[in-house]
Each structure stands twice: as structure tokens, then as C-alpha cells.
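First residue of the sequence shown: 48, per the working numbering; consecutive thereafter.
Note that the Cβ used here is the ideal one computed from N, Cα and C, for glycine as well.
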Amino acid sequence: MSYDFQGKQILVLEDDALLAMDMEDFLSDLGVNVVGPVSHVDAALEKINVTDLDGAVIDLNLRGELSFPVIEELKAANIPFVICSGYAEVPGVRAQLDGLTVVSKPCDFDNLSHVLANEFSLTD
Numbered sequence: 048m049s050y051d052f053q054g055k056q057i058l059v060l061e062d063d064a065l066l067a068m069d070m071e072d073f074l075s076d077l078g079v080n081v082v083g084p085v086s087h088v089d090a091a092l093e094k095i096n097v098t099d100l101d102g103a104v105i106d107l108n109l110r111g112e113l114s115f116p117v118i119e120e121l122k123a124a125n126i127p128f129v130i131c132s133g134y135a136e137v138p139g140v141r142a143q144l145d146g147l148t149v150v151s152k153p154c155d156f157d158n159l160s161h162v163l164a165n166e167f168s169l170t171d
């Protein structure tokens, strides 16, 4: 199943350079205009404030820096997002993500495309 992501502006917040490049390539192949990737909360917040985003894919734990400020900013701006993280299952963290869409790492990109399409209300 393929979805029409053509022209969507999606922020990628990921601190693992190899995974960020893979995600950028995958999203670009779907027709996404990738914003970033960025690897720090401050850089993500700046992109949110200066870019007309359609959505975001964010890692939760950025080398010890948690991306909750980014989550709050995205929610406040009504920008749909997906959390792609292996850190989301840590006791105490999962409760803070209640009601949010989380894809566990290692990330299955085909599954991610379905999850993104659902979050962005895209049809195939």
C-alpha cells in the first residue's frame, strides 16, 4: 500500500546519524520534503517556529536530552507527529507518552509509513 506524501514537510529529529540518513532517504523516496534531520531539541524547536510543517518524526532520547519540549510545541501547534524511539518503553517514560503514537526502534520503515499516513489522515 502506498500513500501520497508528495510535498509534505516533515521534521526529522534523530540523534543517530545513520538512522537519520536512512529515515531521510526513506521519507524522500515517499515524496516528503524532509526538514532536517536535526539532532537537538533547540534545533527542532527552531525548525518548528520557522517552517510550515505538516508533521514530524521524533526520537525521544537524544543522547540524554529528552524531546518533551518538542512534543509540547508540536501539540500546541496542532502538528501531527510520531515518536520513533527505543526509549519509550522505559518504566516511567511510557506513562508520559499516554495517548501519543509511538513506533519502537529498530524502526520498520514500511510500518512507519502506515503510521504516518494514519496520523496525517492520508488515503492510499
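Nearest chain D C-beta to residue i closer than 7 Å, yes or no?
i: arginine 110; result: Judged by its chain identifiers, the structure shown contains no chain D, having just a single protein chain.
Have a look at the options and flag the residue whose alpha-carbon is nearest the alpha-carbon of residue i.
i: serine 75; options: Gly54, Lys94, Glu61, Val117; result: Gly54
i: aspartate 101; options: Leu113, Asp51, Gln143, Asp62; result: Asp51
i: valine 79; options: Lys122, Val59, Ala91; result: Val59
i: glycine 133; options: Ser151, Ile118, Leu113, Val117; result: Ser151
Rounded to the nearest angstrom, what separates residue i and residue j at their Cα positions?
i: leucine 65; j: aspartate 145; result: 29 Å
i: phenylalanine 156; j: phenylalanine 73; result: 7 Å
i: glycine 83; j: glutamate 120; result: 17 Å
i: phenylalanine 128; j: histidine 87; result: 16 Å
i: threonine 148; j: isoleucine 130; result: 6 Å
i: asparagine 96; j: alanine 103; result: 13 Å
i: leucine 163; j: glutamate 93; result: 22 Å
i: asparagine 158; j: glutamate 166; result: 12 Å
i: valine 81; j: threonine 98; result: 11 Å
i: isoleucine 57; j: glutamine 143; result: 23 Å
i: asparagine 108; j: glutamate 71; result: 19 Å
i: alanine 124; j: glutamate 61; result: 20 Å
i: proline 153; j: isoleucine 126; result: 24 Å
When we look at the beta-carbon of residue i and count the other beta-carbons within 10 Å, is it buried (16 or more) or exposed?
i: glycine 111; result: exposed
i: methionine 68; result: exposed
i: serine 168; result: exposed
i: aspartate 106; result: buried
i: phenylalanine 115; result: exposed
i: alanine 91; result: buried
Looking at the secondary structure, which residues open and close the alpha helix (DSSP H) in which residue i lies?
i: phenylalanine 156; result: 156-166
i: leucine 92; result: 88-97
Note the first and the last residue of the continuous beta strand (DSSP E) segment covering residue i.
i: valine 79; result: No beta strand (DSSP E) holds valine 79; DSSP gives it neither H nor E.
i: leucine 60; result: 56-60
Can you check the segment 103-151 for any beta strand (DSSP E) of at least 3 residues that lies completely inside it and give the ranges in chain order?
-> 128-132, 149-151
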